[in-house]
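Residue numbers (my numbering): 14 to 335.
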């Protein structure tokens with residue numbers, strides 16, 4: 014009996030490491046094929062492929078350099094996150110002889126850790142020139158909006174705020190929960206801010222409804238949490254002490270920038286959101302949370318049918334500073 018248990022454990026270990034070798038080998042070969050095809054446009058190198066029993070597959074130590082530019086982007090890891098190790102083996106079967114055998118997991122996500130970009134990298138200059146072409150005249154006419162980054166922070170402003178580089182973690186994924194579909198998004202920028210969004214939709218899409226575009230997402234609830242990691246203090250200090258703007262002007266510009274983001278999504282925030290946001294800006298609070306709890310599920314594709322000022326009530330938006 015004892016020998017039987019030993020052999021069972023031994024076979025289990027051999028099976029695990031064998032499957033792991035298969036997984037890493039197949040991912041590496043497929044990845045090398047993709048990167049070779051992309052090489053005329055971007056040169057990507059990576060150090061290793063790793064995986065865990067909990068169901069995470071990672072490509073580690075990535076350096077990417079776009080053709081025509083000398084400054085690289087470095088990424089600590091890009092990971093596919095699944096519910097368990099056997100789901101990773103299922104993912105390895107995609108693109109094989111029987112791709113239809115792959116079963117969509119209960120949860121799936123992709124995470125980018127440690128994306129590091131110098132704010133004055135040469136490819137960032139191209140983005141900056143595009144930003145200036147679109148917003149340069151508005152920034153020149155409104156120094157407060159430029160200072161608070163209403164149209165995005167320029168590389169020069171980022172440096173003056175104390176950022177020589179941006180180090181970003183980001184993740185996106187879905188999970189099935191009590192017959193509903195939950196989408197999670199997060200972005201964390203080192204010494205700047207963290208933001209997490211969770212949206213819960215009624216019903217479950219099928220592969221056919223997604224491919225045909227017939228799936229209509231109906232929002233049941235949503236939550237957005239913004240955590241200040243020093244950006245607000247840096248902006249206020251730069252705008253008031255260096256630029257000489259009154260604090261009231263800076264706060265008004267921050268609110269205007271906040272409303273501008275909402276307007277791009279055809280929403281005009283009411284006092285139930287703006288007042289807590291003012292409390293967040295004035296009260297030294299670190300967290301700002303917006304929640305949506307509509308009385309009935311709302312089809313987000315139809316928000317354009319409503320006046321922007323009616324959308325907060327439709328979604329039953331509320332906010333708080335913590």
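The beta-carbon is built from N, C-alpha and C at its ideal position, and this holds for glycine as well.
For residue 290, the uninterrupted alpha helix (DSSP H) segment begins and ends at 284–295. 8 Å or more divides the Cβ of residue 163 from the Cβ of residue 260. With contacts defined by Cβ atoms closer than 8 Å, residue 325 and residue 286 form a contacting pair. Inclusion of residue 235 and residue 213 in the CB contact set at 8 Å is warranted, their separation being smaller than that value. Per the DSSP secondary-structure output, residue 69 pairs in a beta bridge with 94. Distance from the CA atom of residue 76 to the CA atom of residue 125, rounded to whole angstroms, is 13 Å.
By the 16-neighbour rule on beta-carbons within 10 angstroms, residue 305 is buried. A buried status is given to residue 205, since no fewer than 16 other beta-carbon atoms sit within 10 Å of its beta-carbon. Under the three-state reduction of DSSP output, residue 258 falls in the coil class, being neither helix nor strand. Going by DSSP, residue 199 is part of the beta strand (DSSP E) stretching over 193–202. The region 135–200 contains, as complete alpha helix (DSSP H) runs of 4+ residues, the segments 135–154, 156–161, 168–173 (chain order). Burial state of residue 137 is buried, judged by a 10 Å Cβ sphere holding 16 or more other Cβ atoms. In the three-state DSSP reduction, residue 309 falls in the coil class, being neither helix nor strand. Rounded to whole angstroms, the gap between the alpha carbons of residue 57 and residue 81 is 14 Å.
Of the candidates 65, 230, 92, 92 places its Cα closest to the Cα of residue 59. The Cβ-Cβ distance between residue 194 and residue 187 falls below 8 Å. Within the same chain, and ignoring the five residues on either side of residue 201 in sequence, the residues whose Cβ sits closer than 6 Å to its Cβ are 182, 207. Burial state of residue 95 is buried, judged by a 10 Å Cβ sphere holding 16 or more other Cβ atoms. DSSP, read as helix, strand or coil, puts residue 277 in coil. Residue 197 and residue 233 have their alpha carbons spaced roughly 14 Å apart. One Cα belongs to residue 158, the other to residue 88, and the distance between them is close to 32 Å. Within its own chain, the residues whose Cβ lies closer than 6 Å to the Cβ of residue 331, once the five positions on either side in sequence are excluded, are 285, 304, listed in chain order. In the three-state reduction of the DSSP assignment, residue 216 falls in the coil class, being assigned neither a helical nor a strand state.
For residue 250, the uninterrupted alpha helix (DSSP H) segment begins and ends at 244–250. For residue 332, the enclosing beta strand (DSSP E) has its first and last residue at 330–334.
The alpha-carbon of residue 128 is positioned some 7 Å away from that of residue 86. In the three-state scheme derived from DSSP, where H, G and I count as helix and E and B as strand, residue 209 is classed as strand.
In the structure shown, residue 233 adopts extended strand secondary structure according to DSSP, grouped into three states. The C-beta of residue 54 has fewer than 16 other C-beta atoms within 10 Å across all chains shown, which makes the residue exposed. Residue 241 carries a strand assignment under DSSP once its states are collapsed to helix, strand and coil. With a beta-carbon spacing of about 16 Å, residue 185 and residue 238 fall beyond the 8 Å limit used to define contacts.
Put simply, of 217, 248, 268 the residue whose alpha carbon is nearest the alpha carbon of residue 176 is 248.
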